[in-house]
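Residue numbers (the numbering used here): 11 to 1053.
By construction, the Cβ of each residue, glycine as well, lies at the ideal position given by its N, Cα and C atoms.
Just so we're clear, the structure is a prediction, and the values are computed from it rather than from any experiment.
Contents: one structure, followed by commentary.
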RNA sequence: GGGCAUAUAGCUCAGCUGGUCAGAGCACUGUGUUCACAUCGCAGGGGUCGCAGGUUCGAAUCCUGCUAUGCCCACCA
């Protein structure tokens, strides 16, 4: 036909190094990845979970993206108009933090040294570098994204969507400004997120302070005692709390302790016993006083805040634990998270006493201007002098520190922007409860719904420089009149009338200290702040506002705000683009479970808000990849694997197939990792110890290599030892097996001619393979569509290796040699290989593409029913459909009969150590039916087991001194003649017989159990009966041999 | 503290709605290289399915409790 291959011109391994870039480039050049918004076929679209530009992709990303690519390639072959939308995420704080860290390490500078603009420029440089790296990694993995559409959450298109959304929510008054306690870093003068706070035990004190009761009545205490680790915060106290039902609370904790004591191990008992006694004692000594104080609190009584002589409330609140300290607790709502909650519950004033740089402000009276440390000393000294300091205990304190400046964190009440979640959260819940959005596996829906049902408002402002700056301009108005005037001015702007602009008035008790600096006590009537939002970025209008005295909000938005818009912002929203109309809503989102709430839930609510429609129909949550110790992989632990290292060692297909093969529904993927020695390629298990070393010595060649921790110049000069996992070997071997099967097939295509093949022309093994192919096609398709990747991978692995290679190809060998039978065998093998390549292509795209291309040279037209010219690229080939006419359970059953007889012969060969070159003779006792089936297959016993059949049929009797194996109702005997250890064979049969007798007894017992016979289904009972009969026959058969 | 998972061969995992479900791969043992593939072929050994109860004629499979591990959320004056 056309070019023939020779064994020499066809390497026996697929060389990825040489081929993968070429193949990928061809895909790109021929536009295989491009989605067409004018194509009217049904669509299938996926948006990528945009990787953070903080660094390179790791194995978790590789998994995530492999699963997406498998799905998109499947759908593309199934004839959908597919879009896989790629892009990256600016990842707010994470990216700013890495760039700041480098700045500090390499130049010894802080971001304040650079200024906002310069820092943001640096981060853009970083982004450029890592985005390139990330996209490069995705391409190496074979991801078929539509690269021309690549977006970034901070690019102009996304920025416009963010701005438009923010304005819409602002106008609906879903966005508001409120106070919130943040972790304030007084050194960097910024809020830091919870993730960036570390806790450290430090030595401190517990000060017990007395607050005088105002106008104590006879019988009432004159003081309440409170204890604190931070006496200076008392300057911001606005209440003292006592439990509303101290008796019940004590009882409850006593009962809990008793319960714990009852089940506690011996070693913990002593401590628990002491605690229990303490509580019992409290009920005796303190309870009356606490009840009295509670009553006073309910009466609205007050205490005097020492030093400032301020009257503060006595409140009844559950936060005051009667089993702790004095049972009373001071409440500082503006400087403690728990007290803040109490403040909200009890409607207490919140007095901020700090300036942003950590000194005390005007609210602290005479202590104004002191640092926290100074004020603590002064406060303690003054209290002591006033005789109000009762006791000072030494105590270890769990103190929060800022990760970045290493200074203690101050809880600090600051202005923050919030999104009201009431309606938005509800819409997002409804989408899942009514099934418009389906989550797989469905157990993850629970977490999603639980989280949303709290409907907690979403704080969206971040005190960062990297991100979408909040598009709000604000101005504080000192008086009613100023406010009215300012609003009048606003209302005259044409943009206000046209709805491109909106404003909100916020009335607060105090201006934000963080934003406005130290303004001292509030003026009567509070502050009024006008917030103005503008729909689109219009420089003129923004300038105009600045001139009117408005100042733009400095904070940026939470990075998840832009991520939440991803499914529609990437398609051009708010422009009503053709792509948006075509590809929204997307089909499936594939992501990891830790961002179900942060991201998935928010995409749903923003999609509904902006588009009026859900963003995706299905969500698949895939497992996490853990290392051999069950720990999550991360760069900071040193156990992270770079997908490129795996690709380098095993090839991209092995990476993908390996990952898909591990993606089961219930389990996380545990993947022990190894260092690969760069000198001798030995794999060494990574231990918790060696993974933290800058250099490691190979256990075999003793050559040293560097790890990611290499810092010193000597270490860095050593060759790098990549981290890989031998879990990919299986997949690499599988690809090699496929390659060689293809190599064999293509080397035997000489004289191939495509032609329709009739059923009558097909050999037994052809019909068997076609039947199997049809079932596998059906099951693989179903599995992939149900996100059962591991199942699909396993089925294809077994089919390709065991059935196609080990049986079909072996059996086809002789036919391919013979002139008269060659043609049909070639057509069948070409067709089946063609179909197998298609089924495997989504998982292993490179090797299947290469084989496809080679196959096109010798067998361009393929197919048994309707031979057709193969497509140029396998990416464009049609996904196989099951062929009901090929499905033949009877032939599959018969074939397994053949397999078991073959297996029996091979087992005897191996058991008796008969060399492969020694021909043996065998006979088979079986029914006439089986005889007529297997006798024609004698040549396969010859070629696949070097065994010659001497007798078939129901009357065949074993000769003495033969080895036997029974499979089902077929007995196979091999005449041992002069080879062989006859006594060993007898011994073996004796053991086998004993085992069977035991089984027979078990079954007899079961069948004499009336309950079983009466209650179990008839078919189950029958199966037991049949089994018993068969076992008895087997024993008889063995006995014959043993004679 | 609340929630969600997981526990099956030395290792990594399958085993969907209870009765051919005790399996796969790696590792191990034996054996075999002109004839697609040693990244291979053929064969073999190895597990009372975390523990304790319960439901059932029958449980790796369903229920309860316990233990261990992981993850998410909350909290830690």
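Straight-line spacing of the CA atoms in residue 567 and residue 85 works out to 36 Å.
Here residue 735 has 651, 681, 682, 683 and 684 as same chain residues with Cβ atoms under 7 Å from its own Cβ, once five neighbours each way along the sequence are excluded. Within the same chain, 483, 484, 485 and 542 come within 7 Å of residue 560 by CB-CB distance, once the 5 residues on both sides are set aside. By the C-beta density criterion, residue 130 is buried, having at least 16 other C-beta atoms within 10 angstroms. Annotation for residue 924: no beta strand (DSSP E) segment contains it, and DSSP assigns it neither H nor E.
Scanning the segment 458-526 for uninterrupted beta strand (DSSP E) segments of 3 residues or longer gives 482-487 and 511-518, listed from N- to C-terminal end. When the alpha-carbon of residue 554 is set against those of 115, 505 and 1051, the nearest one is in 505.
Between the alpha carbons of residue 808 and residue 108 lies a distance of about 46 Å. Closest in C-alpha terms to residue 657, from the list 668, 649 and 648, comes 668. The C-alpha of residue 264 lies about 6 Å from the C-alpha of residue 286. Taken through DSSP and simplified to helix, strand or coil, residue 588 comes out as helix. Residue 815 sits in a helix when the DSSP states are folded into three classes. Per DSSP, reduced to three states, the secondary structure at residue 166 is helical. The residue from 244, 252, 473 and 169 with its alpha-carbon nearest to that of residue 307 is 252. 7 Å or more divides the Cβ of residue 362 from the Cβ of residue 383. DSSP places residue 947 in the helix class (H, G or I) of the three-state scheme. If you look at residue 141, you'll find it in the alpha helix (DSSP H) that goes 126-150. Around the beta carbon of residue 717, a 10 Å sphere encloses 16 or more other beta carbons of the protein chains shown; the residue is thus reported as buried. For residue 681, the uninterrupted beta strand (DSSP E) run begins and ends at 679-681, by DSSP. DSSP, reduced to helix, strand and coil, places residue 377 within a helical segment of the structure shown. The shortest CA-to-CA distance from residue 150 to any of 823, 659 and 284 is the one to 659.
Annotation: the segment 61-126 contains the following complete segments of the beta strand (DSSP E) (minimum length 3 residues), in chain order: 91-95.
Taking C-beta separations shorter than 6 Å and ignoring five residues to either side along the sequence, the partners of residue 64 in its chain run 101, 104, 105 and 108, following chain order. Where residue 857 is concerned, the enclosing alpha helix (DSSP H) starts and stops at 855-868. Following the DSSP letters along the chain, one finds residue 421 inside the beta strand (DSSP E) bounded by residues 419-429.
Residue nearest to residue 247 within the set 162, 154 and 348 is 348 (criterion: CA-CA distance).
Judged by DSSP in its simplified three-state form, residue 746 adopts helix. The beta-bridge partner set that DSSP reports for residue 963 consists of 935. By alpha-carbon distance to residue 49, the top candidate from 92, 217 and 220 is 92. The straight-line gap separating the alpha-carbon atoms of residue 17 and residue 757 is approximately 7 Å. Here residue 516 is not near residue 465, since their CB atoms are 7 Å or more apart. Taking C-beta atoms as the reference points, residue 856 and residue 584 fail to come closer than 7 Å.
For residue 617, the secondary structure class from DSSP, reduced to helix, strand or coil, is helix. 569 is the residue among 569, 51 and 916 whose C-alpha sits nearest the C-alpha of residue 61. At a Cβ-Cβ threshold of 7 Å, residue 981 and residue 972 do not count as neighbours. The beta carbon of residue 147 lies closer than 7 Å to those of 66, 67, 653 and 654 in the same chain, with the five residues before and after it left out.
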